[in-house]
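Read through the structure below, which is laid out as structure tokens, and then see the notes.
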Amino acid sequence: MVIEHMICRLKKFRIMNDVFRNKLSKYDKVSDIVSGLINYRIMTS
Numbered sequence: 027m028v029i030e031h032m033i034c035r036l037k038k039f040r041i042m043n044d045v046f047r048n049k050l051s052k053y054d055k056v057s058d059i060v061s062g063l064i065n066y067r068i069m070t071s
């Protein structure tokens, strides 16, 4: 269940369900930043 909530949060940032409109080499960095923001929000709430 936790994984499903994490995927839902990633979809809210539109990184998982839309076409990535940047250089493909930056996808990992952007996904790491979004994941970090989500983890930060979870830890501070």
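Sequential numbering of the sequence shown, starting at 27, is according to the numbering used here. Every residue gets a Cβ at the ideal spot worked out from N, C-alpha and C, and that includes glycine.
Would you kindly report the start and end of the unbroken alpha helix (DSSP H) that includes residue i?
| i | result |
| --- | --- |
| Val45 | Here Val45 belongs to no alpha helix (DSSP H), and DSSP marks it neither H nor E. |
| Lys55 | 53-70 |
What is the DSSP secondary structure of residue i, reduced to helix, strand or coil?
| i | result |
| --- | --- |
| Lys49 | coil |
Among the options, whose alpha-carbon lies nearest the alpha-carbon of residue i?
| i | options | result |
| --- | --- | --- |
| Leu36 | Leu50, Met69, Ile64, Ser71 | Ile64 |
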